[in-house]
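Chains as they are written, first to last, in the numbering used here: chain U, 1 to 93; chain G, 94 to 328; chain X, 329 to 716. For glycine and all other residues, C-beta sits at the position ideal for the given N, C-alpha and C. Please read these numbers as outputs of a predicted model, since none were measured by experiment.
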Amino acid sequence: MHQEKEEKLKSIRKKLKELLVANLSLEGVKPENIKDDEILFGEGLGLDSLDAVEIVVLLQRNFGLEVKDMSEGKKIFYSVNTLAEYIYENAKK
Amino acid sequence: MNILGIGLVNNENGGLGNHTFSGQMRRADRFCKMAVSAAHAALSDNRDKITAQSTGIILSTAFGPHPTTFKFLDNLLDYKENEVSPTLFSHSVHNAAASYIAAEFQINGPTLTLAGFGGVFAAALKLAHCWLENKVCSYVLLGAAEERGPVFDKVFDIAEGSVFFLLSREEGFCRLEFDKAQGIFPRQNQDGSVVTAQALFDAAAEVKAGKTAEVECAMGDCQVAAVVIKLSRYF
Amino acid sequence: MRDIAITGLGAVSAAGRDIAQTLAAFKRGERNPQKPSLFSTDLPYLAFEVNDFSSPVMVEMRTIQLMYHAVEEALACGDLKENLNDFRVGVCLGTTVACQLNDIDFYRAYRQNGSIDETKITRYRSSNPAENLAAHLKSNGPVLTVANACSSGTDAIGIARTWLSRDMCDIAICGGADELSHVAYCGFGSLSVSSAEACRPFDCNRKGLNLGEGAGILILEKKEIAQKRGQKPLLSLLGYASSADAYHLTAPHPEGKGLKLAINKVLKNCGLTAEDISFINAHGTATRDNDRTEGKVFKEIFGPKIKFISTKGFTGHTLGAAGGLEAVFTCLGLREGWLPKNPGFEKEDPEIGLSPLTTLTQLNGRYAISTSLAFGGNNSALVIGMER
């Protein structure tokens, strides 16, 4: 069971990194070079508020997930790991 | 008023100019990048002169960033309403380019984007003159920008690119005077604001290169009367 | 600079088809945002549609119809319906929707088979608000349309003032117009700034904006021209200033840098201090960021007792029309001597530390400010003055 969860999370993380690079115009960044515990906002990838709402839309499009309140977004969007966990727990697609 | 700097970006001189864009501009579309590049070129000899609050920005355009507008409509047609890209939406507004110019060069003066199909650049030039005369700011970055795209290519013949001028009451490389002229001016055979702006750029470039001491340049129809600009080398 | 008189006002929005209806709605504290009816949508956000208006001129585009509706009221108010072209008239109007070919049906057809609906192209080319109005009036002064997002209307008024100060015209028709657009409705939704409830400007629990539509028009005139025409204008446009945040495409500067610069500049230009200002018509969109930034700047410059409201609680955020409508409402506040309670406000936000008006309030001040904070970081402020 744990193995299954880990496999799923690995696949989600991979897809997430590809989506982030493609949709946030992260120049010179390759998906495979983004660390799993990479902090998304502020330091790390240095994303900003416009990227945050773009990620909300990516979650909706690709995983059928709705982030109802941007203040809950702060915890979910902390790192690739936390985002992947959120998707795993809640995804409909 | 005087011209202190000029900048031009179009397909003939490399497409996106020589400016190295900051990380903030990674999401910017081509329309914004052309405008920032041309503004950079106009500023380049005068960066140490202008201060954050002493400079205003005026951008004129007829068609704006229409390729981005249509990309956003692609989103609306291809996805659900709550799956459309906020990045595309926020770049589909005419004033995104001027906003990037202000952020890229840290300019806190007034920032204006003007839209029109007839004589908008000439009217913008007159407004820049008013700002300088009224001491609203000491420098004005005045420009025009247009982009081509597959949809509008079917209907319009848009002269693509961006042209910018750094204007001031301070000494520059040439002086600019307005001259009211009567008579008919030849109708532009391409669409958009860049055509007129480029006519002024070409005339100013001639003066800057020392090819001529004085030149007249028709700004085309500026609603009231055709406006002629006289450029003379600053001695 | 008291020589630029305001001689005509016109306003149409969800609050009312004209100024009289709008004042009545303000007095009753009434508002009724709904799910949009102009287009079908699955999104939950409320909007302030105009239900009652009629354009005196036959035009296709709704934004231009709204514009003509308000222009007619303003010209009648200024007694200029008959003899406008005895003067040099400038036209400066703000908009967002009318500059773009945001027509979903047009683009769907193009994608399907490459076809171009020429009638839509013609409509687009003829719907630049200032160009359309100037052509219709056959006016003979300067013409410009401002596409500066949410501060367009305010900036258009500022340009008109500049033209008058430079003697480029004797009279100027200025302000802004915008219709409720499905594209903008989805766009603002995607930014997570729209609310499914009626908007609550400056409230601690505000959840975002509601879009609206309408047109707000001012007639500006050199005082001596107005007096020669037998007008006795009480209101003047004393000043305008604008500054860029130079910060971010969609977020306001966290310390309100551009707004502070604009307000301080306009006060200085008018020879006024913060204490002279009787009230502020705020931008007040009811988004978390805007109201926090704007409220904090008000407190810093004007102190904790400043009276302010956001009329977007009655009209929604009308984008290009907002600056025009809010200039009209600022004039009305001075002229009528009262302001309505700020709709939707129940609890002060501790991050702001200020409350807007919580009841209908009588005023007898002489000067008021209208502020606009645009998408893209431009900040503009107008000062309007009243003879007493």
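- A residue is called buried once 16 or more other Cβ atoms fall within 10 Å of its Cβ, and Arg390 of chain X is buried on that count.
- Out of X:Phe607, X:Gly648, X:Gln428, the CA that lies nearest to the CA of Ser698 of chain X is found in X:Phe607.
- The DSSP assignment places 510-518, 551-556 as complete runs of the alpha helix (DSSP H) inside the segment 492-559 of chain X, in order along the chain (cut-off: 4 residues).
- A straight line joining the alpha-carbon of Pro580 of chain X with that of Tyr88 of chain U spans about 34 Å.
- Just measuring C-alpha positions, the residue of G:Asn175, G:Phe124, G:Ala196, G:Ala132 sitting nearest Val521 of chain X is G:Asn175.
- Across the structure, Glu583 of chain X and Trp666 of chain X are spaced so that their CA atoms are roughly 31 Å apart.
- For Asn609 of chain X, the closest C-alpha among the options X:Phe434, X:Glu654, X:Ala569 is that of X:Glu654.
- With a 10 Å radius around the Cβ and a threshold of 16 neighbouring Cβ atoms, Phe630 of chain X comes out buried.
- Around Glu459 of chain X, the beta-carbon contacts reaching into chain G at under 8 Å are Gly209, Phe210, Gly211.
- Close to chain G, meaning a Cβ-Cβ distance shorter than 8 Å, are the following residues of the segment 425-437 of chain X: Cys427, Gln428, Leu429, Asn430, Ile432, Tyr435, Arg436.
- Beta-bridge partners assigned by DSSP to Arg326 of chain G: G:Cys267.
- Within chain U, not a single residue places a beta-carbon under 8 Å from that of Tyr193 of chain G; the smallest gap is close to 13 Å.
- Using beta-carbon distances, Asn188 of chain G does not count as an interface residue toward chain U, since no partner is under 9 Å.
- Under the DSSP assignment, Thr148 of chain G falls in the beta strand (DSSP E) whose first and last residues are 148-154.
- Here Cys420 of chain X is bridged, per DSSP, to X:Leu472, X:Cys502.
- Listed along chain X are Gln428, Leu429, each with a C-beta nearer than 9 Å to that of His159 of chain G.
- Check the Cα spacing between Glu264 of chain G and each of G:Ser325, G:Asn104, G:Ser185: the tightest is with G:Ser325.
- Assignment of Ala610 of chain X by DSSP, reduced to helix, strand and coil, places it in the coil class.
- Against chain X, a Cβ distance below 7 Å from Gly202 of chain G picks out Ser571, Ala572.
- Leu50 of chain U has a beta carbon lying within less than 9 Å of a beta carbon in chain X.
- Distance between Val57 of chain U and Val177 of chain G, taken at the CA atoms: about 7 Å.
- In the DSSP annotation of this structure, Val385 of chain X is not part of any beta strand (DSSP E), being labelled neither H nor E.
- Between the segment 280-300 of chain G and the segment 197-216 of chain G there are three or more inter-stretch CB-CB distances shorter than 8 Å, so the stretches are counted as touching.
- Segment contact: the segment 187-201 of chain G against the segment 487-494 of chain X, fewer than three CB-CB distances shorter than 8 Å; contact not assigned.
- In the DSSP annotation of this structure, Ser183 of chain G is not part of any beta strand (DSSP E); the continuous alpha helix (DSSP H) holding it starts and ends at 179-184.
- According to the DSSP assignment, Cys598 of chain X belongs to no beta strand (DSSP E) but to the alpha helix (DSSP H) extending over 585-598.
- Along the segment 508-520 of chain X, the positions whose C-beta sits under 7 Å from a C-beta of chain U are Ser518, Leu519, Ser520, read in chain order.
- In this structure, the straight-line span from the alpha carbon of Ser153 of chain G to that of Thr82 of chain U is close to 45 Å.
- In the three-state DSSP reduction, Glu358 of chain X falls in the coil class, being neither helix nor strand.
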